[in-house]
Structures are given as C-alpha cells and as structure tokens.
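Protein chains in written order, with the working numbering: chain A, 568 to 952; chain B, 568 to 952. All C-beta atoms in this analysis are idealised placements derived from N, C-alpha and C, irrespective of residue type, glycine included. See below for the structure under consideration.
Protein chains: 2
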Amino acid sequence: MNRKTFYLLFFSCFFFFGKKSNAQIPDGAKPAPTNIHSNDCPCIFSDNRVLFRVAAPGATKVQLDIGKLYNMQKNEKGVWSVTTDPLVPGFHYYSLAIDSFKFADPASESFYGTGKMSSAIDVPEAGADFYTIKNVPHGEIRSANYFSKTMNTWRAVNIYTPPGYEKDATKRYPVLYIQHGGGEDERGWAVQGKTNIILDNLIAEKKAVSMIVVIANGNVTAPGGATGYNDAAMTAFKEELAGSVIPFIESNYRVKIGAANRAVSGLSMGGGQAFYTGLRNTDLFGNVGVFSTGLFGGIGRQPAAAFDAETAIPGILTNPQSFNSKLKVFYISVGEQDPRIEPTKKIIETFKSKGLNVQFNSFPGGHEWQVWRKSLHDFAQRIFK
Amino acid sequence: MNRKTFYLLFFSCFFFFGKKSNAQIPDGAKPAPTNIHSNDCPCIFSDNRVLFRVAAPGATKVQLDIGKLYNMQKNEKGVWSVTTDPLVPGFHYYSLAIDSFKFADPASESFYGTGKMSSAIDVPEAGADFYTIKNVPHGEIRSANYFSKTMNTWRAVNIYTPPGYEKDATKRYPVLYIQHGGGEDERGWAVQGKTNIILDNLIAEKKAVSMIVVIANGNVTAPGGATGYNDAAMTAFKEELAGSVIPFIESNYRVKIGAANRAVSGLSMGGGQAFYTGLRNTDLFGNVGVFSTGLFGGIGRQPAAAFDAETAIPGILTNPQSFNSKLKVFYISVGEQDPRIEPTKKIIETFKSKGLNVQFNSFPGGHEWQVWRKSLHDFAQRIFK
C-alpha cells in the first residue's frame, strides 16, 4: 500500500466509506438493507421496483444483471442508473457489468453465491418478520474448524447454538444438518439464510424446540472429481457428513444422539444431498427436509421422467412402510414460481399413491432464498417433536 | 431469477463455479490462498511477483490497483494480465478497474475493508506459520448480536472463545477487546486478522494465557455525526464499548472482571480508539495495545507536532507514575515501512524520557494486516500474565 493510499484511508476515516453517486434518493424509495452503510442506492420503491445507480463516468456500457439484464442510462455527471420492474420480495444475487464484464456492486454487501462473491439485494416482504431480529433471547452462530478426512484438509463449519446453550451445561439438543445450494458454501445458511434469527424467533414463540443447526460446506469432490447429483458425489458427501462433520459435532457439542434427534436438509443441490443422504441412511437421520431440489426435474436437460425414485432409493416405492416407520418427518418444499414445482408435485403424488408419508409445502417465489428461509421456518417447526 | 439463470446455476453444480481465464498457470507460480477455489490466478511466483488475470474480451481498458496502479495487457483471447513487482508478504486489498471503475476481482475472496467489500490477496510469508491452522486444540469465533444503546440498534459482535471453553463451566477468562481500522468492521480481526488461529497456536505453545477476544464494530457515530479521532467520536466509542459491548460480554460469557483482566487494543483508527479509551479509562482497562495509529502523525495533513499527549491524556507526561501503577501493559507497535513509524518512535522517546512505562515493537511491512497479525501475536503474549 503506497503513501497515497495511506492518505486516502486516513481521511476516509473522517468522512464516509461508501461510493455515493452524487444524487439524492427519490421520494418514496428506501435504501435496501443489503446496502453498505452510507449508500442510498440500490433503493426500493413501495411497489418493489428498485433503482440501481453507479458513478462510472469513464464507462461506455453499464448493465445490471438481476436474472433479467437491464441496460443502464448515463446522466451528465457520469452516473448510470436503471429502475427495474417490481422485484419479488426476498434475496436476489445480482451483478453490474461494464463492457459486459460482470462484477459485484461495491454499493452492496457481497455474499458467497453463484461460485463467487456476489452482490445481492434483500427486498423486504411486507408482513414477514420471521427473519427480523427481535428483542428475544438470541443464540449464536459459531465458526469452527474440523479436519475433513474426505478432503484431507481443515474445513470451516458454522454451528447455530440456541439461546441458553451456555446456561445449562447438562442439557443436550437435537441437531439439524442443513446444506446450501450449488455455488454456495457454509456461509449460505449463516448469512443469506438468517438461520440464527429464524430459530431465535421460533424458539421464543415456542413454535420450534431448541435445537443445534449445523451448516457445513457441501462442496465435496468424489475421487475422480465427480460433483453434483451423481452417485459417486453423493457417496462422497455422505462420507464427509457422516465420517467427519457428525463425529466433530457429536464430540464437541452437547447433542442428543440417535436418528430421531438428527435431521438432514438442504436447498437445491443441498436438497438433493439431503434426499440421497437422508433416505439412504435412515439409521442416521430420522428427519429429512428437501427444499427446491432439481432432482425430480423441471430444470434444463433434466426431464422429469429421468428420475427413477426406486433406483435412487431402493424400496421407497415398493416398501414405503419401512420408510414410514423409520422417518419421523419426510418433508419436501419448493417455490411456486420455480419450474421445479410441477415435477415435484408429481413425485409427491407418486409417493403418496404408494403410501409413503411425505409432507409437502410451497411458498410464493422462485428458486431463491426467501423460499428457503420459509422452508427452514416451516421445517424447523415440524421436527424433533 | 429467470429460467436461464436456473439452468446456469443448475449446470454449474456439475462443473465448476470459478471464472477461469482459459490460460494455464505459469511454471513456478502458485494460486494465492485467497483465490476462490477453482481459480489459478492471482498466482504468486517464488519471488512474490504476482500474476493477475481477467477474461474481459469486451473491455477497452483494464487496470489493477494494489496500492500501485498497473495497466493490464490484453491477449488475442481477450484475457487481460499483468505481473506485479514483488509484493511484501501479507494481506493486501486490491481492485480491478474497467474504464477506471474499480470493483472487486471475482477470482478472489472479498473482505470488508476500504469501506466496501474489497478483493484481497494474502501473500504467504516464508517461515511465518503463526497464523497457519495446525493440529492443536481450536477455539471458536462466535457471532452474536447485542443491542447498542449508542446506535439504538442491534449490532453484530464476534467473540473468540479459546479451546476448552465448553469443557470447564467454572473457568473464567480475561478479555482482550480488539478494534479494526477505518473502513473495516467487526469482520476484520475475525477474517483478515486470523485472530482465532493466532490465539489457538499461542495457547497451544503456552506462549499466551487462555483468553476471550472480543471483536466489535468500532464504527460509532457521535451525536452530530462526528467520526474518527475527534473527542466527540472518541467519547461515543467509549460509550459503545463500556456501555453496551462490555456489559453484554460480561453477562453472557465467563469472563474475569476488573481492569487487570481487560485489555483494549486496535489497529490504525482502532489504535487511536484504544489509545484514548484505554488511557482515559485506566479503571476499566489495565492493558492497552496501540497498533499503527496515525494519532502521533506521519500521515497526510496530520503533522507530528500537532499531537499533544498531555492534552489528549491529562497527566500522561506530568504524572506518568499514576499510569505506570494502573497499567500492567502499555504497548505500541507499527510497521517499519509505515510513515507513522518516525512520529511513533518520537512519542515513545518522549514517553520514556518522562518515565512512562511503554513497550514498543515494530515489524517489517507497511500499513497492513501482516503487521497487525504480528502485533496481536506479540501483544497477546504480554498481557494477563
């Protein structure tokens, strides 16, 4: 860091740190909660249109990519802006692009998602305060390191411990293992997911039992390099969870043991991991939560017909009673605007027609964190009771 | 998120998530530890030159700003690259710029610094393994929320609890309060500073006593909006620490109370906060650590002569014995290539000439995290003994 940078940093201490765009916030718009402190924009209008703004006088083309690509317009001061269509409430990754190169907006917080540190905007949902921090007893998110035998390295894991965990050193808790989606890691449920706030609020309302939630890194590569939903990758993930994560948790935290006191769940890729790992290991997990998985179809080249439940989980259609007796909760959820919903509903019908006990719920929204926050909020109320 | 994005996310699960630049890593270079997993570059040569690379075929001007500004060169595939001069080992914030607009490099992790989420590169230092995770007992970094009376809002605070904290529910620990620099927040010492690894290693070697380290957000605005080193801002920071943070810690963690069991320290802006808050409140803090503060001069418009120690801390020059009797450790450190070093050495001489007990150390490097990691490593060995 050179001398010029010193001065810059020093004087910035006395003023502000954000990148303001020299323009006022429009009437009726509010800064997004994901903005870094001094930034007015992105700002959200009452109808959920969002104004994005960036001061880039030297740029010739600036765009916003928030699922839909918007061209931004430059004013005489070199400030580019665009107002989007109304956004669905919830958490949305987005990028800015200059000359088609995409990067994170310095005005917003960044989150590990889509395989990189990505900017995101959290659009508040009217009336939804289940993930708002309240004046109730609070737990903690703890960051620890365990040695992964599968990956042969130290890995970070986040652990939610509920309010009161410190107070009674004899009490033991059931454990929910919860997995992020593709392109995310152990930060997903701790940061984007707001797991601690959701659980603190549920526990305060006595809607969920006090539990530990373990938020591990599900990016596990099988020998040979396989990742994703294939068998080798699923086996590698199971080895990581059962062979390294669970032993670490059970020897370092006051947990109840036995399948009835363990749940495995996850979103998207993590939903697939929960499905395979949970249903193939009912001796380990008595509760399974599958949020927005693409396993059953609905996305890309994965036709619904390609999923053969009986091949994936032998006995699930031919001997459902054995699953019903072992699983206390088998839960599936999906967003109502997620293309995964139709094949998901179809497999639910198949499961039910065979007599398999499966609980299903859906929430407004697409393939996004608001649906997953609601899925956790819902699933957590159903387990360990 | 639209259908196209779904597909992209889904298929990315099966391949990789990084932004590769379609070029191989040069012989003898190694990916930086701060790279996001699949990225080869930034990559570090054995002499600490670093190759930065970015695939931006549509851009007309791409630069790297790592204190020094480098113009990057484009090849026929649209990949821009530059190899820097040898970098000082340690942690360096940097930006990429397209058309002069600066943003975080998607190939690297981002960190909250310089007032935004900034990319950074951690250049390993040969022989320095004090901040490398080892097979020793590990503590945790816990993220909690407390209610700030000063800011009238919930705020996050990170707390390092040492190995064994859970095992013996009767043991109480001394507490080090440690502050980040300007443009950073409570993530600084938890992430960039590697506080947990440094303390785990020191405790395992029996070089430091087991302690709790509290990593709070020092961005406290005084009524009227003052921030930085002025009196109103320093008073507001003291109110935050003594009125909200310490009561939260002391009622929720097993800490030893009394000034001898409390230390306050910080880097740069946080060093100034530690200086004022510690020396003005020796009833609260018996140990003070000031790392790389600009208080004494050496930066920008702050001439060394402007700092009047006796005005800042009444009695410090005229009644040093009262400070000597109250402070167990008063420690100052600075980087040897930091322009703050000369005025810092001058004030140390003044303090010593008046009979004030002050411990001083310096480390190779400028105004940067490697110096602060070493300062923590050094200071933590001196306190609570």
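Residue i versus residue j: straight-line alpha-carbon distance, rounded
| i | j | result |
| --- | --- | --- |
| P888/A | G932/A | A small correction: the amino acid at residue 888/A is Gln; Pro does not occupy that position in the sequence shown. Cα to Cα, Q888/A sits roughly 33 Å from G932/A. |
| D594/A | V724/A | 43 Å |
| E877/A | G839/A | 15 Å |
| V925/A | A800/A | 25 Å |
| L808/A | D607/A | 42 Å |
| E643/A | G625/A | 12 Å |
| M568/A | K683/A | Note that M568/A scores 37 on pLDDT, short of 50, meaning its location in the model is unreliable; the coordinates nonetheless yield the value given after this. Roughly 25 Å separates the two Cα atoms. |
| T743/A | G837/B | Reading off the sequence, residue 743/A comes out as Leu, not Thr. Looking at the two C-alpha atoms, the distance is approximately 38 Å. |
| P653/B | N615/B | 5 Å |
| N712/A | N886/B | 48 Å |
| G755/B | T681/B | 11 Å |
| A826/B | V855/B | 11 Å |
| K517/B | S900/B | Absent from the model: residue 517/B. The displayed extent of chain B is 568 to 952, so no value can be given. |
| F714/A | S811/A | 7 Å |
| E817/A | G731/A | 19 Å |
| D689/A | E772/A | 25 Å |
| M718/B | G785/B | 11 Å |
| I991/A | D875/B | A question about residue 991/A goes unanswered here, because the residues of chain A that appear run from 568 up to 952. |
| K701/A | R722/B | 12 Å |
| V938/A | V629/A | 30 Å |
| T788/A | L766/B | 31 Å |
| R907/A | E806/A | 28 Å |
| K716/A | Q746/A | 19 Å |
Classification of residue i by the beta-carbon crowding that lies within 10 angstroms, buried from 16 upward
| i | result |
| --- | --- |
| R739/B | exposed |
| V703/A | exposed |
| D798/B | exposed |
| L636/A | exposed |
| Q640/A | exposed |
| N638/B | exposed |
| G694/B | exposed |
| E916/A | exposed |
| G791/A | exposed |
| D905/A | buried |
| N768/A | buried |
| E555/A | For chain A, the structure presents residues 568 to 952; residue 555/A sits outside this window and is missing. |
| S685/A | buried |
| Y814/A | According to the sequence as given, residue 814/A is Pro; it is not Tyr. Exposed, by the Cβ-count rule. |
| T720/A | exposed |
| K895/A | buried |
| Q591/B | exposed |
| T627/A | exposed |
| T737/A | exposed |
8 Å Cβ cutoff met for residue i and residue j
| i | j | result |
| --- | --- | --- |
| V853/A | K893/A | Checking the sequence, you will find Gly at residue 853/A rather than Val. Contact flag set, yes. |
| S835/A | T802/A | no |
| Y898/B | F946/B | yes |
| A671/A | A671/B | yes |
| T849/A | F890/A | yes |
| A710/B | I950/A | The sequence given here has Ser at residue 710/B, not Ala. The answer is no: Cβ separation not under 8 Å. |
| Y698/B | R940/B | yes |
| G882/A | F858/A | no |
| D666/A | A623/B | yes |
| I764/A | S675/A | no |
| F668/B | V649/B | no |
| E903/A | F930/A | yes |
| G760/B | L943/B | yes |
| P741/A | N819/A | no |
| K921/A | L884/A | yes |
| V621/A | C610/A | no |
| V776/A | K919/A | no |
| G750/B | P729/B | no |
| I914/B | F863/B | yes |
Supposed close pair residue i, residue j - CB separation, criterion 8 Å
| i | j | result |
| --- | --- | --- |
| F678/B | A687/B | 5 Å |
| P910/A | G845/A | Incorrect: roughly 19 Å between the Cβ atoms, too far for contact. |
| W936/A | F658/A | 4 Å |
| T762/A | Y727/A | 5 Å |
| P656/A | P691/A | 6 Å |
Chain E contact for residue i (CB, 8 Å cutoff)
| i | result |
| --- | --- |
| G625/B | Absence of chain E from the displayed structure is noted, the protein chains being A and B. |
Any alpha helix (DSSP H) of 4 or more consecutive residues that is wholly inside the region 611-659 of chain B:
none
Please list the segments of the alpha helix (DSSP H) lying wholly inside the region 853-925 of chain B, counting only runs of 4 or more residues, in order along the chain.
876-879, 887-893 and 908-920
Those runs of the beta strand (DSSP E) which lie wholly inside the region 723-783 of chain A and span at least 3 residues:
742-746 and 779-782
Go through the region 792-844 of chain B residue by residue and report every complete run of the beta strand (DSSP E) that reaches 3 residues or more, in order.
829-834
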